[in-house]
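Engineer:
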């Protein structure tokens, strides 16, 4: 009785922080790799603890708000009500390394997800095996493109999205943002060399591959000769309208 009471207290206490929550899940027997993070309040995510030995999550997996991972089903209750038989429902869930699980995604029993997979927001992954290096989405979830194709799509969108951040910031606050506000887009304009802005440094340390990311950064070229030139580009349309 005391042990059950203590376990209940320990479980509730684990919700105080995401690190405590993950530590608690590991203690139950779940295999969760280093660098895996929960980007949500611990009460906004559900990872099935009924059979913790059936969940294996790799390294550097990013779990967002509303994600649910289930290793069992209770749909057999309907069969029991009709026929009297009990048909248990359980299956392992495996998520590889370096995956991103979008908001409100549901991953059901019997699912295996490879390494470096993006699971789209709201997806229902209803079992099956998904390869590494791809994007999956939908209900039921399916592969919608390779990771390389998604990379090309995101690369092509960088300039337009960075510009929109600047112009909308200007519209709301009446001034251009400090470049640290564009911490996810600094490759567009920042001169290559040692990083001087803490927000940029922080982004480079995401996913625990700082050296590889820095090597790639130093071997690419920005689209502009500094942040001022980028701002000039962002506001050039407005200046042309004023001249007209």
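Residue numbers (the working numbering): 8 to 251. Just so you know, even glycine gets a beta-carbon here, dropped at the ideal spot from N, CA and C.
1) Please classify residue 214: does DSSP put it in a helix, a strand, or coil?
2) Can you give the beta carbon distance from residue 52 to residue 72, rounded, assuming they're within the 8 Å contact cut?
3) Return the first residue and the last residue of the alpha helix (DSSP H) that residue 77 is part of.
4) Apart from the five residues just before and just after residue 125, which ones in its own chain have a Cβ nearer than 6 Å to its Cβ?
5) Taking only the alpha-carbon atoms, compute the straight-line gap between residue 134 and residue 117 and give it to the nearest angstrom.
6) Residue 177 by DSSP, collapsed to three states: which one?
7) Report whether the distance from the Cβ of residue 184 to the nearest heavy atom of the ligand ATP is below 8 Å.
8) If you drop the 5 nearest sequence neighbours on each side, which residues of the same chain put their C-beta closer than 8 Å to that of residue 238?
9) Going by alpha carbons, who is nearest to residue 162 out of 144, 200, 195 and 37?
10) Quickly, what does DSSP pair residue 203 with across the bridge? List them, please.
11) With respect to the beta strand (DSSP E) encompassing residue 70, which residues constitute its N-terminal and C-terminal limits?
12) For residue 106, which three-state DSSP category applies?
13) For residue 113 and residue 24, I'd like the C-alpha separation in whole angstroms.
14) May I have a chain-ordered list of the beta strand (DSSP E) segments no shorter than 3 residues that lie completely inside the region 107–162?
Structural biologist: Walking through what the data contain:
1) Along the chain shown, read from residue 1 onward, the residue named residue 214 stands at position 207. In the three-state scheme derived from DSSP, where H, G and I count as helix and E and B as strand, residue 214 is classed as helix.
2) Residue numbering aside, residue 52 sits at position 45 when the chain shown is read from its first letter. Residue numbering aside, residue 72 sits at position 65 when the chain shown is read from its first letter. Contact between residue 52 and residue 72 holds: CB atoms are separated by about 7 Å, below the 8 Å threshold.
3) Your numbering for residue 77 matches position 70 in the chain shown. Here residue 77 belongs to no alpha helix (DSSP H), and DSSP marks it neither H nor E.
4) Within the chain shown, residue 125 is the residue found at index 118, counting from 1. Once the five neighbours on either side are set aside, the close Cβ partners of residue 125 are 107 and 142.
5) Within the chain shown, residue 134 is the residue found at index 127, counting from 1. Within the chain shown, residue 117 is the residue found at index 110, counting from 1. Annotation: residue 134 to residue 117 spans about 5 Å, alpha carbon to alpha carbon.
6) Locating residue 177 in the chain shown gives position 170, where the first residue counts as 1. Helix.
7) Annotation note on the ligand ATP: not contained in the displayed structure, which lists no ligands.
8) For the purposes of this step, residue 238 is identified with residue 231 of the chain shown, where counting begins at 1. In its chain, beyond the 5 residues on either side, 173 and 183 have a beta carbon closer than 8 Å to the beta carbon of residue 238.
9) Locating residue 162 in the chain shown gives position 155, counting from the first residue. Selected option, being the one with the closest Cα: 195.
10) As a first step, residue 203 is located in the chain shown; it is residue number 196 there, counting from the start. Beta bridge pairing from DSSP links residue 203 with no other residue.
11) Counting from one through the chain shown, the residue named residue 70 turns up at place 63. Where residue 70 is concerned, the enclosing beta strand (DSSP E) stretches over 69–71.
12) In the chain shown, counting from the first residue as 1, residue 106 sits at position 99. Residue 106 falls in the coil class under three-state DSSP.
13) Mapped onto the chain shown, residue 113 falls at position 106. Mapped onto the chain shown, residue 24 falls at position 17. Inter-residue distance for residue 113 and residue 24 is about 22 Å (C-alpha atoms, whole angstroms).
14) As far as the region 107–162 is concerned, its whole beta strand (DSSP E) runs of at least 3 residues are 118–120, 124–126, 135–137, 141–145 and 148–153.
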